Amino acid sequence: GIQVEQSPPDLILQEGANSTLRCNFSDSVNNLQWFHQNPWGQLINLFYIPSGTKQNGRLSATTVATERYSLLYISSSQTTDSGVYFCAVIWRGGADGLTFGKGTHLIIQP
Amino acid sequence: DTGVSQDPRHKITKRGQNVTFRCDPISEHNRLYWYRQTLGQGPEFLTYFQNEAQLEKSRLLSDRFSAERPKGSFSTLEIQRTEQGDSAMYLCASKEDTEAFFGQGTRLTVV
Numbered sequence: 001g002i003q004v005e006q007s008p009p010d011l012i013l014q015e016g017a018n019s020t021l022r023c024n025f026s027d028s029v030n031n032l033q034w035f036h037q038n039p040w041g042q043l044i045n046l047f048y049i050p051s052g053t054k055q056n057g058r059l060s061a062t063t064v065a066t067e068r069y070s071l072l073y074i075s076s077s078q079t080t081d082s083g084v085y086f087c088a089v090i091w092r093g094g095a096d097g098l099t100f101g102k103g104t105h106l107i108i109q110p
Numbered sequence: 111d112t113g114v115s116q117d118p119r120h121k122i123t124k125r126g127q128n129v130t131f132r133c134d135p136i137s138e139h140n141r142l143y144w145y146r147q148t149l150g151q152g153p154e155f156l157t158y159f160q161n162e163a164q165l166e167k168s169r170l171l172s173d174r175f176s177a178e179r180p181k182g183s184f185s186t187l188e189i190q191r192t193e194q195g196d197s198a199m200y201l202c203a204s205k206e207d208t209e210a211f212f213g214q215g216t217r218l219t220v221v
């Protein structure tokens, strides 16, 4: 099956800092999504981005499908950005379900 | 529409008991998915339905697990003879074509 690796696994930043989260995947994908999991376990959709670049407020994402990676940028971090960020893909050669990475645990300190 | 809804939010059960969870997808979504998430890990795919047909099952879905979507709307996931290793968050997602949306999950604790 496909492998999804996220880095860094943990990140601690001060409020106001910028960060870049990376997602590498081992094969061609039909779908790539970024999620933020809040402390109650809810997965919140950030981006559907199988290729290209998108921006939503302080967040933006870029996927370079030919090089098998995606980046999530968070600018001017706020304490409410804390939580776990997941990248998930649908492998072109597999089932229709999403394969998740292990996530990046982000802590924003005031 | 308020999104994907799961019930119950929390369930504590004794080992050996059967449990059933319910998922109501976003109404116009024809695809419904079940995932399991254990502490410190990303969610893992269990199974998915297109309308009422169950099209894929992961090897994680042992024969103690069964899922149904009888009328192509809500779905149920049943775990028979629960074991402590079944303790996890069970997540449901739905989509129409591209982007999947998740419910709040059911947290199962087997004691």
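Line by line, the protein sequences give chains U and S.
The first sequence runs 1 to 110 under this note's numbering.
The second sequence runs 111 to 221 under this note's numbering.
We put the beta carbon where it would ideally sit given N, CA and C, even for glycine.
Note that the structure is a prediction, hence the values are computed from the model and not measured.
When the cut-off is 7 Å and only beta carbons count, does Q3 (chain U) lie next to chain S?
By one-based count along the first sequence, residue 3 (chain U) stands at place 3. Chain S, which has no Cβ nearer than 7 Å to the Cβ of Q3 (chain U), makes this no.
Three-state secondary structure assigned by DSSP to Q214 (chain S)
Here residue 214 (chain S) is taken as the residue at index 104 of the second sequence, counted from 1. Reduced to three states, the DSSP call for Q214 (chain S) is coil.
Top-ranked residue by Cα proximity to S19 (chain U), from U:W34, U:S60, U:G41, U:S51:
Here residue 19 (chain U) is taken as the residue at index 19 of the first sequence, counted from 1. The shortest Cα separation from S19 (chain U) among U:W34, U:S60, U:G41, U:S51 belongs to U:S60.
Note down the Cα distance separating T9 (chain U) from L71 (chain U), rounded to an integer number of angstroms.
Taking the first residue of the first sequence as position 1, residue 9 (chain U) is located at position 9. Taking the first residue of the first sequence as position 1, residue 71 (chain U) is located at position 71. The residue you asked about is not Thr; residue 9 (chain U) is Pro in the sequence shown. Roughly 14 Å separates the two Cα atoms.
Under 7 Å, do S76 (chain U) and R58 (chain U) count as touching if we go by C-beta distance?
Residue numbering aside, residue 76 (chain U) sits at position 76 when the first sequence is read from its first letter. Residue numbering aside, residue 58 (chain U) sits at position 58 when the first sequence is read from its first letter. Taking 7 Å as the Cβ cut-off, S76 (chain U) and R58 (chain U) qualify as a contacting pair.
Does DSSP put Q3 (chain U) in a helix, in a strand, or in coil?
Counting from one through the first sequence, the residue named residue 3 (chain U) turns up at place 3. Q3 (chain U): coil per DSSP, three-state reduction.
Using 7 Å as the threshold, is the C-beta distance between G186 (chain S) and T123 (chain S) below it?
By one-based count along the second sequence, residue 186 (chain S) stands at place 76. By one-based count along the second sequence, residue 123 (chain S) stands at place 13. According to the sequence displayed, residue 186 (chain S) carries Thr and not Gly. No, the pair does not count as a contact, with Cβ atoms beyond the cut-off.
Continuous beta strand (DSSP E) stretch holding E188 (chain S): start and end:
By one-based count along the second sequence, residue 188 (chain S) stands at place 78. 185-189 is the extent of the beta strand (DSSP E) around E188 (chain S).
Considering only residues of the same chain and omitting the five flanking positions on each side of Q109 (chain U), which have a CB-CB separation below 6 Å?
Working through the first sequence from its first residue, we reach residue 109 (chain U) at position 109. Q14.
Per DSSP, which one or two residues make a beta bridge with S176 (chain S)?
Locating residue 176 (chain S) in the second sequence gives position 66, counting from the first residue. In DSSP, S176 (chain S) forms a bridge with S:E188.
Please state if the CB of Y145 (chain S) and the CB of F155 (chain S) are separated by a distance shorter than 7 Å.
In the second sequence, counting from the first residue as 1, residue 155 (chain S) sits at position 45. In the second sequence, counting from the first residue as 1, residue 145 (chain S) sits at position 35. Yes. Within cutoff.
Determine contact between the segment 204-215 of chain S and the segment 40-47 of chain U, defined as no fewer than three beta-carbon pairs at a distance below 8 Å.
yes
Put T66 (chain U) into one of helix, strand or coil per three-state DSSP.
Translated into positions along the first sequence, residue 66 (chain U) becomes position 66. Here T66 (chain U) sits in helix by DSSP.
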